[in-house]
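Colleague: For the record, the sequence lines run as chains A and B. If you count by the numbering used here, then the first sequence holds residues 199 to 501, one letter each, in order. If you count by the numbering used here, then the second sequence holds residues 199 to 501, one letter each, in order. Every residue, glycine too, gets a C-beta built ideally from N, C-alpha and C.
2 protein chains.
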Amino acid sequence: VSNARLIAVDWGTTALRSYVVSATGEIIARHESGEGILAVAKGDFAAVLSRTVAQLPAIDQSLPIMMSGMIGSRQGWLEAAYVRCPAGLLDLAVRLSEVQSPLAHDVFLVPGLDTRGADGIPDVMRGEETQILGALAALDLDDGLFVLPGTHSKWATVSGGRITGFATYMTGEVFAVLRDHTILGRLMAAGGEADAEFERGVNASLAAGAPGQLLHQIFSARTLCLTGDLTESGVEPYLSGLLIGSEIRAAARANDQPVYIMAGSTLAALYAKAAGIVGLTTVAVDGDSIVRAHLALANAANI
Amino acid sequence: VSNARLIAVDWGTTALRSYVVSATGEIIARHESGEGILAVAKGDFAAVLSRTVAQLPAIDQSLPIMMSGMIGSRQGWLEAAYVRCPAGLLDLAVRLSEVQSPLAHDVFLVPGLDTRGADGIPDVMRGEETQILGALAALDLDDGLFVLPGTHSKWATVSGGRITGFATYMTGEVFAVLRDHTILGRLMAAGGEADAEFERGVNASLAAGAPGQLLHQIFSARTLCLTGDLTESGVEPYLSGLLIGSEIRAAARANDQPVYIMAGSTLAALYAKAAGIVGLTTVAVDGDSIVRAHLALANAANI
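1. Looking only at DSSP bridge pairs, what is residue 352 of chain B linked to?
2. Using a Cβ-Cβ cut-off of 6 Å (strictly less than) and excluding sequence neighbours within five positions of residue 228 of chain A, which residues of its own chain qualify?
3. Pick out whichever of A/472, A/337, A/450, A/425 has its Cα sitting closest to the Cα of residue 440 of chain A.
4. Okay, do the region 228-239 of chain B and the region 277-294 of chain B touch, 3+ Cβ pairs below 8 Å being the bar?
5. Indicate whether residue 447 of chain B and residue 410 of chain A have their beta-carbon atoms separated by less than 7 Å.
6. On the three-state DSSP scale, how would you describe residue 431 of chain B?
7. Is the CB of residue 282 of chain A under 7 Å away from at least one CB in chain B?
8. Compare the C-beta of residue 492 of chain B with all C-beta atoms of chain A and state if any pair is closer than 7 Å.
9. Under DSSP, the beta strand (DSSP E) around residue 296 of chain B begins and ends at which residues?
10. Rounded to the nearest angstrom, what separates residue 387 of chain B and residue 422 of chain B at their Cα positions?
11. Step through the CB atoms of chain A and report whether any lies within less than 7 Å of the CB of residue 368 of chain B.
12. Could you spell out where the alpha helix (DSSP H) holding residue 399 of chain A opens and where it closes?
13. Helix, strand or coil for residue 205 of chain A, going by three-state DSSP, please let me know.
14. Among A/435, A/257, A/324, which one has its Cα closest to the Cα of residue 303 of chain A?
15. Taking a contact to mean a Cβ-Cβ separation below 7 Å, would you say residue 362 of chain A touches residue 343 of chain A in this structure?
16. Residue 445 of chain A and residue 369 of chain A - do their beta-carbons sit closer together than 7 Å?
17. Excluding the 5 residues preceding and the 5 following residue 381 of chain A in the sequence, name in chain order all residues of the same chain whose CB lies nearer than 8 Å to its CB.
18. Looking at chain A, is there any beta carbon in it that lies within less than 7 Å of the beta carbon of residue 319 of chain B?
19. Rounded to a whole number of angstroms, what is the C-alpha to C-alpha distance between residue 212 of chain A and residue 246 of chain A?
20. Mind checking if residue 474 of chain B is an interface residue toward chain A, Cβ cutoff 7 Å exclusive?
21. Check each candidate in B/371, B/365, B/340 and name the one with the smallest Cα separation from residue 357 of chain B.
22. DSSP has residue 436 of chain B in a bridge; who is on the other side?
23. In chain order, which continuous runs of the beta strand (DSSP E) of length 3 or greater are located wholly inside the region 450-480 of chain A?
24. Just how far apart, CA to CA, sit residue 476 of chain A and residue 442 of chain B?
25. Less than 8 Å between the CB atoms is what I'm expecting for residue 297 of chain B and residue 307 of chain B, so what's the real figure, rounded?
26. Name the residues in the region 399-410 of chain A whose C-beta lies less than 8 Å from a C-beta of chain B; which are they?
27. Which same chain residues end up closer than 6 Å to residue 349 of chain B when comparing Cβ atoms and leaving out the 5 residues on each side of it in sequence?
28. Could you check what DSSP says for residue 311 of chain B in three-state terms: helix, strand or coil?
29. In its own chain, which residues sit with a C-beta less than 8 Å from the C-beta of residue 485 of chain A, not counting the 5 before and 5 after it?
30. Are residue 431 of chain B and residue 390 of chain B touching if we call contact CB-CB under 7 Å?
31. Quick check: the Cα distance between residue 402 of chain A and residue 305 of chain B, rounded to an integer number of angstroms?
32. Kindly indicate which residue of A/278, A/314, A/214, A/264 has the alpha-carbon position closest to the one of residue 427 of chain B.
33. Just how far apart, CA to CA, sit residue 493 of chain B and residue 346 of chain B?
34. Straight-line CA distance for residue 353 of chain A to residue 272 of chain B?
35. In the DSSP assignment, what residue or residues form a beta bridge with residue 230 of chain B?
36. From the DSSP output, which residues share a beta bridge with residue 255 of chain B?
If you want it as structure tokens, here you go:
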């Protein structure tokens, strides 16, 4: 592929996405698999990356590979740095890690970010910083509130082109374990009015209380079902709405600015719907914009 | 056993406790096993009860058996009634269910309670109402705030000898699934300064926020460990303190009255410690006082 400039790799816990990117940020080819870092046997990341690159169209072996995500964590290939917020593209570009590998390509890791909230709680991200910086480039934005929903939802504030702070919400993982491993899941059945019950859960999340109140509110998914106020098929979307609504309400300050949502289409739609009920406007951002950050980092670092 | 009046059975999800009780409420004999209703194969509750009774000292087959707890739920032997709050001893005594069984003894089920909170959320209990009414009899109390910590913690207010309302917090079950099935558990190691880290978790729970803030706060068990601010052996007690503190802060109104804690000694000590940090005084109640309610119900119903 003649105009290829870079191989951009977004390697997370459960997915591996690779892109061949042109010098102007166009995606020339892509490859996606479920080989997240948890699925890599014996930590043989080099073998997986080599196989992945081999499945991309014929590319020059001099193309550098720029990787972001949990591949740079303690559980990944090599622990890359954490850069302290506020941090922008240039702050990351000077802290890239080069990975020694048997591949012919030069392989680099994007550092993660760390921060400390007003509550004194430290927080970290790996991968989302690259997604956000890519979105800023693609949307030509310098400021905004971003949410990256998922297993561990990240809410990040951007000002002057730099990520000034962020907080993680374990919403997706908590939802999954409540569904799969608690008494709430035992009542669940498929089908039914998912939309209406999701909205009902979001509305339930608007009830006031201290943080611990959530431990009570989630139980309503069971009791509403026991009392016949909620069908068994409504339990799952109700619980989903309750948790996502709770997250949004805790994370987003009410203001006139939109919340930028970066997620797959299903999850992005749920967050947009819940944010609307909470009273926020949202903009969905295309996840492919991440490659704009990989490219900008390579350019800034003269790679 | 000549002065035996009743067999009192507290049959919950994970435990089965049986007592031979005298007419004055003394416990003459007891038997305890892990045969909670979840451990009973094919719903053969009659066989388990029969075996259990056979392990009590020789007793007259005319002794009635009074059972409370999840044995009266839809997943139990027979679904007993729910009585609406406010409810006291006499309200329950008129709604006992008799179970048809192959045993020579007459077998009765204590009904559960239901209520609807100020937030409109319905709530239910089965078994705790009997524990609370037993405690009122044993302590000669008519009013108070009770907590029954556990998988599903119950907070109940008592006024004029009747339970006026209550709320369930899924604290114990949420703690267990976070420990056993999420990324938080993967960092945990045994040993270490459990007391100090538990207290630290309780203090972290005092941070303000909407209910959804808990989804962020629990992540601090991971990030504090990653940043070296918390040892791996501190993760579990820290998370326990964070959740228990959050529950207490959401459930208890600050006032001068003590909170009555009904739990096994380990859990009771944790709740007492956390309540102290939150600024509440506590009284630990002996769990055996439950038989006072079984006895009073039998007397009131002329059984």
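Modeller: Once the coordinates are examined:
1. Taking the first residue of the second sequence as position 1, residue 352 of chain B is located at position 154. Secondary-structure assignment with DSSP links residue 352 of chain B through a beta bridge to B/346, B/366.
2. Here the question's residue 228 of chain A lines up with position 30 in the first sequence. Within the same chain, and ignoring the five residues on either side of residue 228 of chain A in sequence, the residues whose Cβ sits closer than 6 Å to its Cβ are 217.
3. As a working mapping, residue 440 of chain A is identified with position 242 in the first sequence. Of the listed residues, the one whose Cα sits closest to residue 440 of chain A is A/472.
4. No, because fewer than three Cβ pairs between the region 228-239 of chain B and the region 277-294 of chain B fall closer than 8 Å, the two stretches do not touch.
5. In the second sequence, counting from the first residue as 1, residue 447 of chain B sits at position 249. In the first sequence, counting from the first residue as 1, residue 410 of chain A sits at position 212. Yes.
6. Taking the first residue of the second sequence as 1, we reach residue 431 of chain B at position 233. Per DSSP, reduced to three states, the secondary structure at residue 431 of chain B is helical.
7. In the first sequence, the residue the question calls residue 282 of chain A occupies position 84. Taking CB atoms only, residue 282 of chain A has no neighbour in chain B less than 7 Å away.
8. As a position in the second sequence, residue 492 of chain B is number 294, starting the count at 1. Closer than 7 Å: no.
9. Along the second sequence, read from residue 1 onward, the residue named residue 296 of chain B stands at position 98. Taken as a continuous stretch (DSSP letters only), the beta strand (DSSP E) holding residue 296 of chain B covers 295-297.
10. The residue given as residue 387 of chain B occupies position 189 in the second sequence. The residue given as residue 422 of chain B occupies position 224 in the second sequence. Cα to Cα, the separation comes out at about 14 Å.
11. Counting from one through the second sequence, the residue named residue 368 of chain B turns up at place 170. At a cut-off of 7 Å between beta-carbon atoms, residue 368 of chain B makes contact with chain A.
12. Reading the first sequence from its first residue, position 201 is the one you call residue 399 of chain A. Residues 392-403.
13. The residue given as residue 205 of chain A occupies position 7 in the first sequence. Strand, per DSSP.
14. Stepping through the first sequence from its first residue, residue 303 of chain A is reached at position 105. With distances taken between Cα atoms, residue 303 of chain A lies closest to A/257.
15. Stepping through the first sequence from its first residue, residue 362 of chain A is reached at position 164. Stepping through the first sequence from its first residue, residue 343 of chain A is reached at position 145. No, they are not a contact pair.
16. By one-based count along the first sequence, residue 369 of chain A stands at place 171. By one-based count along the first sequence, residue 445 of chain A stands at place 247. Yes, the Cβ-Cβ distance between residue 369 of chain A and residue 445 of chain A is below 7 Å.
17. Working through the first sequence from its first residue, we reach residue 381 of chain A at position 183. Cβ neighbours of residue 381 of chain A within its own chain (closer than 8 Å, five residues either side excluded): 420.
18. For the purposes of this step, residue 319 of chain B is identified with residue 121 of the second sequence, where counting begins at 1. Output row for residue 319 of chain B: interface = yes.
19. Looking up residue 212 of chain A in the first sequence gives position 14. Looking up residue 246 of chain A in the first sequence gives position 48. One C-alpha to the other measures close to 14 Å.
20. In the second sequence, the residue the question calls residue 474 of chain B occupies position 276. So no, residue 474 of chain B is outside the interface.
21. Locating residue 357 of chain B in the second sequence gives position 159, where the first residue counts as 1. Of the candidates B/371, B/365, B/340, the one whose C-alpha sits nearest the C-alpha of residue 357 of chain B is B/340.
22. As a first step, residue 436 of chain B must be located in the second sequence, where it is residue number 238. Bridge partners of residue 436 of chain B: none, in fact.
23. Along the region 450-480 of chain A, the beta strand (DSSP E) occurs as fully enclosed runs of 3 or more residues at 457-459, listed in sequence order.
24. Along the first sequence, one-based indexing puts residue 476 of chain A at 278. Along the second sequence, one-based indexing puts residue 442 of chain B at 244. Per the coordinates, the alpha-carbon of residue 476 of chain A lies some 28 Å from the alpha-carbon of residue 442 of chain B.
25. Residue 297 of chain B sits at position 99 when you count from the first residue of the second sequence. Residue 307 of chain B sits at position 109 when you count from the first residue of the second sequence. Sure, about 6 Å apart at Cβ, within 8 Å.
26. Taking 8 Å as the Cβ-Cβ cut-off against chain B, the residues of the region 399-410 of chain A that qualify are 402, 403, 405, 406, 407, 408, 409, 410.
27. Taking the second sequence and counting its residues from 1, the one referred to as residue 349 of chain B is at position 151. For residue 349 of chain B, where only same-chain residues beyond five positions count, the Cβ hits under 6 Å are 370, 371.
28. Residue mapping note: residue 311 of chain B aligns to position 113 of the second sequence, counting from 1. It is a strand residue.
29. Within the first sequence, numbered from 1, the residue matching residue 485 of chain A stands at position 287. Here the set comprises 329, 460, 461, 462.
30. Position 233 of the second sequence holds residue 431 of chain B. Position 192 of the second sequence holds residue 390 of chain B. It is a contact, given that the beta carbons lie within the stated cut-off.
31. To locate residue 402 of chain A, count along the first sequence from 1; it is residue 204. To locate residue 305 of chain B, count along the second sequence from 1; it is residue 107. About 41 Å.
32. On the second sequence, residue 427 of chain B is found 229 positions in, with the first residue counted as 1. The shortest C-alpha separation from residue 427 of chain B is found at A/314.
33. For the purposes of this step, residue 493 of chain B is identified with residue 295 of the second sequence, where counting begins at 1. For the purposes of this step, residue 346 of chain B is identified with residue 148 of the second sequence, where counting begins at 1. Approximately 21 Å, taken between the alpha carbons.
34. Stepping through the first sequence from its first residue, residue 353 of chain A is reached at position 155. Stepping through the second sequence from its first residue, residue 272 of chain B is reached at position 74. Near 41 Å, if we compare the C-alpha coordinates of residue 272 of chain B and residue 353 of chain A.
35. Position 32 of the second sequence, counted from the first residue, corresponds to residue 230 of chain B. Bridge pairing for residue 230 of chain B: B/215 [DSSP].
36. As a working note, residue 255 of chain B is residue 57 in the second sequence. Residue pairing by DSSP leaves residue 255 of chain B without any beta bridge partner.
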